[in-house]
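Each remark here refers to the structure printed beneath this line.
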Amino acid sequence: MVVSASGTDLGPARIRRARLAVSAFFLTNGALYANLLPRLPEVKDAFGLSNTLYGLVVVAFPIGAILVGALPGRAVRRVGSGRLAALGTVVLSACLAAAGLGAGPGAGTAAGLAVFVAAMLLAGMLDAHVDTAQNAQGMDVQRARGRSIINSLHALWSLGAVVGGLMGTAALALGLPIAWHLGLSGLLWSAVALTALRSALGPEDGTALRTTTAPPAEAHAAAGPGDPGAAPAAAARPTAAPAGHGGRGRRALLLPVAAVAMAGVMVEDVGANWSAVYLTTQLAAPPAAAGLGLVALMAAQFVGRMLGDPMTDRWGRAPVVRAGAGLSTAGTLLVVLAPVPAVAVAGFALAGFGCATLVPAAFHAADHLPGFRPGTGLALVSWMMRISNLGLSPAIGVLSDAVGLSWALAVVPVFTLGAVLVAGSLRDRPAPLAGSARSA
Numbered sequence: 001m002v003v004s005a006s007g008t009d010l011g012p013a014r015i016r017r018a019r020l021a022v023s024a025f026f027l028t029n030g031a032l033y034a035n036l037l038p039r040l041p042e043v044k045d046a047f048g049l050s051n052t053l054y055g056l057v058v059v060a061f062p063i064g065a066i067l068v069g070a071l072p073g074r075a076v077r078r079v080g081s082g083r084l085a086a087l088g089t090v091v092l093s094a095c096l097a098a099a100g101l102g103a104g105p106g107a108g109t110a111a112g113l114a115v116f117v118a119a120m121l122l123a124g125m126l127d128a129h130v131d132t133a134q135n136a137q138g139m140d141v142q143r144a145r146g147r148s149i150i151n152s153l154h155a156l157w158s159l160g161a162v163v164g165g166l167m168g169t170a171a172l173a174l175g176l177p178i179a180w181h182l183g184l185s186g187l188l189w190s191a192v193a194l195t196a197l198r199s200a201l202g203p204e205d206g207t208a209l210r211t212t213t214a215p216p217a218e219a220h221a222a223a224g225p226g227d228p229g230a231a232p233a234a235a236a237r238p239t240a241a242p243a244g245h246g247g248r249g250r251r252a253l254l255l256p257v258a259a260v261a262m263a264g265v266m267v268e269d270v271g272a273n274w275s276a277v278y279l280t281t282q283l284a285a286p287p288a289a290a291g292l293g294l295v296a297l298m299a300a301q302f303v304g305r306m307l308g309d310p311m312t313d314r315w316g317r318a319p320v321v322r323a324g325a326g327l328s329t330a331g332t333l334l335v336v337l338a339p340v341p342a343v344a345v346a347g348f349a350l351a352g353f354g355c356a357t358l359v360p361a362a363f364h365a366a367d368h369l370p371g372f373r374p375g376t377g378l379a380l381v382s383w384m385m386r387i388s389n390l391g392l393s394p395a396i397g398v399l400s401d402a403v404g405l406s407w408a409l410a411v412v413p414v415f416t417l418g419a420v421l422v423a424g425s426l427r428d429r430p431a432p433l434a435g436s437a438r439s440a
C-alpha cells in the first residue's frame with residue numbers, strides 16, 4: 001500500500017477509480033478534435049480556400065502544439081497532471097467552439113478565417129498540455145497498479161477518435177451548424193473530464209508513487225514471469241536514483257526514445273493522409289475502397305494496443321517495441337511493393353498492429369529518463385513527435401512529385417527500421433527519488 005504525503009490511502013479501490021478517471025481523459029481527448037475532422041471540407045468550402053491555403057490553415061493545430069515546447073511539463077509539475085488534463089480539456093473545448101464560430105457565422109470573411117486560425121493555433125497549444133498531462137497521470141496510475149496499462153489507455157484514445165468522427169458525421173447528416181455542433185461537443189466532453197477529475201490522482205499521490213515504486217515491467221521481472229502475485233511487493237521497494245546527467249547525456253537518452261515515438265506517428269500519418277491516395281492513384285482501387293487502408297490500420301492498431309499491455313508485462317517493453325517496429329517495417333514495405341490493393345490493405349493492417357505500442361512505450365520511457373524533472377521527458381518527446389508529424393506529409397508530397405508516391409512512401413520503413421535498432425533504449429528504468437534528478 002502507498003500512502004501519499006497528504007495521508008491519502010492509495011488502496012485498490014482508490015487506484016481503480018483513478019484508472020477509470022485517466023481512461024476518461026484519454027477517451028475525451030481522442031473524441032474532441034475528431035469531431036471537427038469530418039467537417040474540414042466544409043471549412044475549406046466556407047472560406048473558398050485553395051488546396052495550398054487549406055493545407056496552411058489546418059496546419060495551425062500542430063504548429064500550436066509545437067510552439068509550446070517543454071511548457072506542458074512545467075505545467076504538470078505546477079498544476080498537477082489530473083487538474084491540467086481536466087481544465088485543459090475545458091479550455092481546448094472552448095477553442096474548438098471558437099473555431100466553429102469562425103467557420104460558421106464568420107464563413108467567407110477574413111475576420112472569420114482569422115478567428116478560425118487563431119482558435120486552431122490555441123487549440124493545438126492546449127492539446128499539447130492535455131496530452132502530456134493525461135500521459136503523466138497514466139504513468140502514475142500505472143505505477144500504482146504495478147503493471148502496464150499505457151497501451152490500453154492509448155487504445156481508448158483511438159476509440160475516442162472513432163466516437164468523435166461518428167459524432168461529426170452524424171452532425172453533418174442532421175444539418176447541425178458547425179458552431180452548434182462543436183459547442184455541444186465541447187460541453188459534453190468537458191463534463192466528462194471534470195467528472196473524471198474527482199477520481200484522478202493528485203500531485204502528492206504522484207510524488208509518493210515516484211519515490212516508492214519501480215516501473216511495472218521491471219517489477220514483474222524481479223518477481224519472475226511465473227509469479228505475478230509477487231509483483232506488487234517487488235514494485236514497492238524503493239529504487240536508487242541514477243547518477244546525474246549533463247545536457248549531452250540527457251540528449252543521448254532522449255533522442256532514441258523520441259525516434260521510436262516518431263516512427264510510430266509516421267506510420268499513423270501515412271495511413272491518415274496518404275493511404276487513400278496511394279490505393280486509388282497507384283493501385284487503381286475504386287473510390288469506394290479508398291478508405292480501406294486507413295480503416296485496416298486503425299483497427300489493427302486498436303487491437304495491438306489492447307494486447308500491448310499483457311505482452312509488455314510478459315516479455316518486457318523493449319522486446320515488444322522491437323518486434324512491433326519490425327512488423328511495421330514489414331507492413332510498410334508490403335504497402336510499397338504491393339501489386340494489388342488487397343495486398344496493400346494487408347500491409348497497412350500489419351503496419352498498424354506493429355506501430356500500436358511504439359508511442360505508448362516511448363511515453364513510458366520518457367517518463368522514466370534519468371536527469372529529467374517529472375513531466376519534462378514526456379513533453380519533449382511529445383514535442384519532437386509533433387514536429388515529425390508536421391513535416392512528414394509535405395516531404396512525401398515533394399518526393400512523390402519527384403520520384404513517385406511508391407518510392408516516397410519508402411522513407412517510412414527506414415524510420416521504423418531505425419526504431420528496431422534503438423528499441424533497447426526503452427528498457428525499464430527505476431523511477432528517480434524525488435529531488436535526486438537534475439532538472440532539465
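Residue numbering for the sequence shown follows full-length UniProt numbering, starting at 1 and increasing by one per position. For each residue, glycine too, the CB sits at the ideal point set by N, CA and C. Computed from a predicted structure; not experimentally measured.
A residue is called buried once 16 or more other Cβ atoms fall within 10 Å of its Cβ, and residue 407, having fewer, is exposed. Excluding its 5 nearest sequence neighbours in each direction, residue 259 has C-beta neighbours in its own chain below 7 Å: 418, 419, 422, listed in chain order. Just measuring C-alpha positions, the residue of 135, 151, 37, 27 sitting nearest residue 312 is 151. Per DSSP, reduced to three states, the secondary structure at residue 253 is helical. A distance below 7 Å between beta-carbons, with the five flanking residues on each side excluded, links residue 25 to the following residues of its chain, in chain order: 85, 134, 137, 193, 196. Annotation for residue 80: no alpha helix (DSSP H) segment contains it, and DSSP assigns it neither H nor E. Using a Cβ distance threshold of 7 Å, residue 88 and residue 126 count as a contacting pair. Along the length of the segment 269-337, whole alpha helix (DSSP H) runs at least 4 residues long occupy 275-281, 292-315, 317-337, reported in chain order. The residue from 402, 340, 409, 380 with its alpha-carbon nearest to that of residue 272 is 409. Ranked by Cα distance from residue 339, the options 381, 355, 284, 296 are led by 284.
In this structure, DSSP gives residue 50 a state outside helix and strand, which the three-state scheme calls coil.
In this chain, the alpha helix (DSSP H) harbouring residue 386 covers 376-403.
Excluding residues up to 5 positions away in sequence, 261, 262, 265 lie with their Cβ nearer than 6 Å to the Cβ of residue 385 in the same chain. DSSP places residue 417 in the helix class (H, G or I) of the three-state scheme. If you draw a straight line from the Cα of residue 114 to the Cα of residue 102, it is about 8 Å long. Taking all protein chains in view, the Cβ of residue 105 is surrounded by fewer than 16 other Cβ atoms within 10 Å, so the residue is classified as exposed. Put simply, the backbone Cα of residue 314 is about 41 Å away from that of residue 280. DSSP places residue 104 in the coil class of the three-state scheme, outside both helix and strand. DSSP, reduced to helix, strand and coil, places residue 35 outside both helices and strands of the structure shown, so it counts as coil.
Contact between residue 371 and residue 198 is ruled out by a C-beta separation of about 34 Å, above the 8 Å threshold. Residue 200 sits close to residue 82, with the two beta carbons spaced by under 7 Å.
DSSP places residue 372 outside any alpha helix (DSSP H), giving it a letter other than H or E. From the listed residues 183, 57, 29, 53, the smallest Cα separation to residue 96 is found for 183.
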